[in-house]
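Visitor: Below you'll find the structure I mean.
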Amino acid sequence: MKKPVFIILLSIVCSCKAQNIQLIDVSSNQEMNYIFARVYPESIIRKELFKNGLYVTIFKISDPKVTPENFSEGDEFLQSYIISVTPDGDYYTNSKLYKIEGFCNPKILEIKETTFPKFTIKVEHGVYSDRKIETFTLEGVN
């Protein structure tokens, strides 16, 4: 009895194929390349909302594309937030992706649930002598 079980298990293990690991050059995707090259990795924010019903990930990026030529705040670029909102379970097919752009020295003050699947992000921004606070309403997938 042990011999047939061993043979069956051995044939199952031997018939499994190894993963086909591939290196793919995605350099031609210029927008993806632009974003990844400008992400501030120390500023990534992850937040679970609605009892883990939505997952929010926020990436702050340096954004020269939205920075006017006459911008002179210490020779820096304006910054933007890329916001990924994914539901519990399927993490990419039903996700939403937002970009809020054109901030000078932004700081996220609050991420707050409203009514599912909506939430708000409160951002303080501007030069140090003239800070403003704005609230943005975003919606996840339900």
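In this note's numbering, the protein residues as written are 8 to 149.
We put the beta carbon where it would ideally sit given N, CA and C, even for glycine.
When you compare each of Ile51, Asn149, Thr121 to Thr142 by their alpha carbons, which one comes out closest?
Guide: What you label residue 142 is simply residue 135 of the sequence shown in a count that begins at 1. Taking only the C-alpha atoms, the option nearest Thr142 is Thr121.
Visitor: Given a cut-off of 8 Å on the beta-carbon distance, is the pair Thr74 and Leu85 in contact?
Guide: By 1-based counting over the sequence shown, the position of residue 74 is 67. By 1-based counting over the sequence shown, the position of residue 85 is 78. Contact flag set, yes.
Visitor: Whole angstroms are fine: how far does the CA of Asp32 sit from the CA of Lys67?
Guide: Along the sequence shown, one-based indexing puts residue 67 at 60. Along the sequence shown, one-based indexing puts residue 32 at 25. Lys67 and Asp32: Cα-Cα distance of roughly 25 Å.
Visitor: Using only the alpha-carbon positions, how far apart do Ser91 and Leu116 sit?
Guide: For the purposes of this step, residue 91 is taken as residue 84 along the sequence shown, with counting starting at 1. For the purposes of this step, residue 116 is taken as residue 109 along the sequence shown, with counting starting at 1. Those two C-alpha atoms are separated by around 18 Å.
Visitor: Starting from Tyr105, follow its DSSP beta bridges and name the residues at the other end.
Guide: The count along the sequence shown starts at 1 and reaches residue 105 at position 98. Tyr105 pairs with Ile90.
Visitor: Roughly how many whole angstroms lie between the Cα atoms of His132 and Gly109?
Guide: The sequence position of residue 132 within the sequence shown is 125, counting from 1. The sequence position of residue 109 within the sequence shown is 102, counting from 1. Whole-angstrom Cα-Cα distance: 10 Å.
Visitor: Could you say which of Gly60, Lys72, Val63 lies nearest to Gln37 if we only look at CA atoms?
Guide: Stepping through the sequence shown from its first residue, residue 37 is reached at position 30. For Gln37, the nearest C-alpha among the options comes from Lys72.
Visitor: With a CB to CB cut of under 6 Å and the five nearest residues on each side skipped, what residues in its chain are close to Pro113?
Guide: Position 106 of the sequence shown, counting from 1, holds the residue named residue 113. Here the set comprises Gln86, Val130, His132.
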